[in-house]
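Since the structure comes first, as structure tokens, the remarks are kept for the end.
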Amino acid sequence: MWTIIMILMISLLIALIEVPYLRRNAMKKEMLVFLIFLGIGTGLCIAESLKANIPNPLDWITFVYKPFSDFIFGTVE
1160 MWTIIMILMI SLLIALIEVP YLRRNAMKKE MLVFLIFLGI GTGLCIAESL
1210 KANIPNPLDW ITFVYKPFSD FIFGTVE
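Each number in my numbering corresponds to the 1-based position in the sequence shown with 1159 added.
In structure tokens, the structure reads:
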């Protein structure tokens, strides 16, 4: 419980530091991307603190490139 509160407080602190600068310089697209990434990062941190099973991105990359790799190594050998 406390870890979730601390994660939310740190995310809020980061937003309070960055958003005024982005707003002052009229960086609307950058602010949108920043808030999306901050939300994703906060969500992943909370999921990790709750011991949720988060898939590894490398597993997806391996799944996509494995048939191509097998084909290349099959033709070389």
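No residue lacks a Cβ here, since even glycine has one placed at the ideal position from N, Cα and C. Computed from a predicted structure; not experimentally measured.
Original post:
Hey, how far is the Cα of V1223 from the Cα of D1229?
Top reply: The straight-line gap from Cα to Cα measures roughly 11 angstroms.
**OP:** Kindly provide the ranges of any beta strand (DSSP E) runs that are 3 or more residues long and lie completely inside the segment 1168-1231, ordered along the chain.
**Re:** Whole beta strand (DSSP E) segments, 3+ residues: zero.
Original post:
Is S1170 closer than 8 angstroms to P1191 when the C-beta atoms are compared?
Top reply: The identity of residue 1191 in the sequence shown is Leu, whereas the question assumes Pro. Result no, Cβ atoms of L1191 and S1170 do not sit closer than 8 angstroms.
Original post:
In whole angstroms, what is the alpha-carbon distance linking T1221 and L1203?
Top reply: Looking at the two C-alpha atoms, the distance is approximately 22 angstroms.
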